[in-house]
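Numbering (our numbering), first residue to last: 2 to 289.
C-beta atoms are modelled at their ideal positions from N, C-alpha and C, and glycine is treated no differently.
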């Protein structure tokens with residue numbers, strides 16, 4: 002049985018991994034959060050890895066307060082870059098497979114065709130810049146590192162767009178939602194399964210060179226407005242939802258206007274089937 006360290010275990014993806022892990026009995030997942038293991042503390046990482054054999058690490062820990070990062074640049078880079086650097090170094094020392102989670106915010110959002118892994122990055126926010134530096138740190142120590150960029154993550158857990166929309170639709174008669182930002186939602190349960198499928202593939206193909214950057218989101222394309230109206234439809238809510246442009250909804254950090262990710266590489270490399278976003282949303286809402 003392989004030991005897999007999960008950092009950020011109390012977040013959306015960490016909790017999703019806990020739910021799907023039963024289907025992978027060959028893996029023993031060790032869930033930690035900052036109270037158990039502060040990944041910004043290099044000495045704590047050294048002690049943790051010395052205490053037990055860690056075969057793989059899924060780094061779900063991140064500073065994700067996108068707007069707040071504009072004011073807290075140092076904190077964002079501490080967790081999204083410096084901590085990743087320390088984690089990558091310790092994983093390399095112990096021959097531990099690192100899977101690092103990144104974001105669509107590393108792109109400018111200014112193009113109109115799905116982003117492949119080869120397209121040049123150009124973050125427009127502190128959050129995006131800190132995550133991009135983290136990608137470089139994760140891969141810099143070991144070419145076998147797997148970086149997975151995802152977008153619009155939601156789940157039954159923590160704070161996310163789907164949960165917030167459900168709450169607001171119970172409280173308000175009318176909501177304004179931007180319609181000029183296009184992307185694809187990602188159900189955390191689907192991403193969690195994909196990560197464990199990748200680690201299973203690696204354990205069965207030990208000589209395969211699979212390190213690099215991959216994209217994962219659900220299939221399809223939508224806007225935040227259409228995402229919200231679909232939530233309304235699936236929950237039989239009566240709230241009126243009005244489409245507005247981004248300039249009517251000011252935020253400290255710039256959001257990508259277009260962040261659809263091309264998933265061909267991850268599907269081809271690992272034989273992964275990705276569900277359509279509406280199907281996964283229905284599943285999540287049912288679980289709620």
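First and last residue of the alpha helix (DSSP H) that includes residue i?
i	result
residue 28	No alpha helix (DSSP H) holds residue 28; the beta strand (DSSP E) holding it covers 28-32.
residue 215	Here residue 215 belongs to no alpha helix (DSSP H); instead the beta strand (DSSP E) covers 213-216.
residue 263	Here residue 263 belongs to no alpha helix (DSSP H), and DSSP marks it neither H nor E.
residue 143	That residue, residue 143, is in no alpha helix (DSSP H); it is neither H nor E in DSSP.
residue 170	162-172
What's the C-alpha gap between residue i and residue j?
i	j	result
residue 235	residue 128	32 angstroms
residue 311	residue 76	Nothing can be reported for residue 311, as the shown portion of the chain is limited to 2 through 289.
residue 246	residue 257	13 angstroms
residue 162	residue 228	9 angstroms
residue 212	residue 63	21 angstroms
residue 89	residue 289	35 angstroms
residue 48	residue 225	43 angstroms
residue 243	residue 58	43 angstroms
residue 96	residue 250	46 angstroms
residue 28	residue 209	19 angstroms
residue 26	residue 53	19 angstroms
residue 237	residue 286	12 angstroms
residue 55	residue 175	50 angstroms
residue 18	residue 284	16 angstroms
residue 182	residue 137	27 angstroms
residue 24	residue 30	12 angstroms
residue 21	residue 189	10 angstroms
residue 70	residue 268	33 angstroms
Can you tell me where the beta strand (DSSP E) holding residue i begins and where it ends?
i	result
residue 121	Unbroken run through residue 121: none, as it is neither H nor E.
residue 60	57-60
residue 38	Unbroken run through residue 38: none, as it is neither H nor E.
residue 3	3-8
residue 81	No beta strand (DSSP E) contains residue 81, which DSSP labels as neither H nor E.
residue 126	From DSSP, residue 126 is part of no beta strand (DSSP E); its letter is neither H nor E.
What residues match up with residue i in a beta bridge as DSSP calls it?
i	result
residue 270	In DSSP, residue 270 forms no bridge with anything.
residue 155	188
residue 102	149
residue 177	243
residue 277	220
residue 183	224 and 259
Helix, strand or coil: how does DSSP classify residue i here?
i	result
residue 136	helix
residue 111	coil
residue 251	coil
residue 234	helix
residue 224	strand
residue 67	coil
residue 208	coil
residue 97	coil
residue 25	coil
residue 294	Here the chain comprises residues numbered 2 to 289, so residue 294 is not present and cannot be evaluated.
residue 73	coil
residue 53	coil
Would residue i count as contacting chain C if we go by Cβ distances under 8 angstroms?
i	result
residue 42	The structure shown has no chain C; it contains just one protein chain.
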